[in-house]
Amino acid sequence: MTTPISTGVFFGVGVGPGDPELLTLKAVRRLQQADALAYIVNSDGHSLAKQIASPHLRTEAQTQLPIRIEMCSDRRQAEQAYDEAAASIARLLDQGQDLAFLCEGDPLFYGSFAYLLARLAPKYPCVAIPGISSPQAASAVTLLPLALQHENLAVISARCPDAELLDALSRFDNLAILKGGRKRSRVLELIAATGRTRDAVYLEHLTQTQQRVVRDVTTLDDEPGPYFSLFLVCRRKGTS
C-alpha cells in the first residue's frame, strides 16, 4: 500500500519595506528551508519582494513560481489571477513541497498573501511570518512615534474619498496615509485644509537606496509620485 504524501505548508513571509537586513531571523530561516518560492512580478518580470530577499535565498535549489497580478481597479481580473495563482501553488503543496510566498512589508497588511490565504486555508496548513510594515519603517526613518500614551493612530489609503480622509485627519492624532504618491496633490490639499501641513512628512521607497524623505511638504510639486510612497502625519509633541 502506498503511503499518501502529506501536503506542504503555505507560508506568507514578510520581507519588510526594502532593506534586506530588516528581515526577521525566522523569515530568513523559512526562506532558506522552503522547497518552493512564489512572488508577485510586474510586467517586466521583476519582483521587488524577491529583490529584497535575494541575499538570503538559495534559489538554485528551489522551485520558482513568479505570479503576475495586475494592480488595477478591475477586481474581476485580479480575482481570476488569484484563482490561477492559488491553483499553481496548490499543485506544489500537493506534491509535499513547503512554499514560501514573499511579501513586501507584512503579509497580512495590504498584502496579496491574504487573497491567496482565503483560497488555500480551507485545505492546506498556512502560516504567516510577520514583517516590518511601511508605517513602522516610516516611523523609524523619521524618528516620529506612531502613538504615545492616549494618542490614537489611523492607517488609511489615499484612494479613500475626500470626506473619509478629511474626517481621519481631523479626528486622529497620527496617521499613515498609504499609496499617497499617486494622489499626492489631492492629499496635500486635504492635509492643508485640516491645518496639518506642519505635522506631515512625505516618504518614498522606504529603506531602499532611492529612499526620499520630504519633511517640508510645501516644497512638493503637483506631479504624482511612485506607488511605494506614503504620508506620515503626526502631531507635534513636546516634553512630558
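Basically our numbering = 1-based index in the sequence shown + 12.
The beta-carbon is built from N, C-alpha and C at its ideal position, and this holds for glycine as well.
Starting from the C-beta of residue i, find all residues in its chain whose C-beta is less than 7 Å away, skip the five residues before and the five after it, and write them out in chain order.
i	result
Thr209	Ile203, Val229, Thr230
Ala98	Leu128, Arg131, Leu132
Leu105	Thr19, Gly20, Phe22, Leu111, Tyr136
Ser182	Thr206
Ser145	Gly117, Asp118, Phe121
Ser252	Here the model assigns Ser252 a pLDDT of 48, short of 50, so the residue's position is not dependable, and the following value carries that caveat. Taken in chain order, the list of residues that qualify is empty.
Asn186	Leu158, Ala159, Glu163, Leu165, Val245, Cys246, Arg247
Gln89	Glu82
Met13	For Met13, the predicted model reports a pLDDT of 49, less than 50, meaning its position is unreliable and no value from the coordinates is stated.
So the alpha helix (DSSP H) residue i belongs to, where does it begin and stop?
i	result
Arg131	125-132
Ile101	87-106
Ser151	146-154
Leu69	Segment: none, Leu69 is in no alpha helix (DSSP H) and carries neither H nor E.
Mind checking who residue i pairs with in its DSSP beta bridge?
i	result
Gly28	Gly117
Cys138	Phe22
Thr75	Ala48
Glu216	Arg224, Ser241
Leu165	Asn186
Ala112	Phe23, Leu49
Once the 5 residues before and after residue i are set aside, which same chain residues still bring their CB inside 6 Å of it?
i	result
Arg194	Pro236
Ala140	Gly24, Pro119, Leu120
Phe240	His217
Phe113	Gly24, Ala50, Phe125
Tyr94	Tyr127
Pro142	Gly26, Asp118
Ala46	Asp110, Ala112
Leaving out five residues on either side along the sequence, give the residues of the same chain with a beta carbon under 8 Å from the beta carbon of residue i.
i	result
Gly259	The chain is shown from 13 up to 252; residue 259 falls before or after that span and cannot be answered.
Val153	Leu215, Leu218, Thr219, Gln223, Val225
Ala102	Leu132, Lys135, Tyr136
Cys138	Val21, Phe22, Phe23, Gly24, Leu129, Leu132
Leu69	Leu43, Gln44, Leu49, Lys62
Counting along the chain, where does the beta strand (DSSP E) carrying residue i start and finish?
i	result
Ile266	Shown here, the chain extends from 13 to 252; a query on residue 266 therefore has no answer.
Report the residue ranges of all beta strand (DSSP E) runs contained in full by the segment 222-249; include only those spanning at least 3 residues, in chain order.
Positions of the beta strand (DSSP E) runs, each at least 3 residues long and wholly inside the segment 222-249, are given as 224-226, 241-246 in order along the chain.
Beta strand (DSSP E) runs contained entirely in the segment 177-212, provided each spans 3 or more residues:
Correct list: 186-190.
Evaluate the contact criterion for the segment 164-173 versus the segment 207-226: three or more CB pairs, one atom per stretch, below 8 Å.
The segment 164-173 vs the segment 207-226: no contact.
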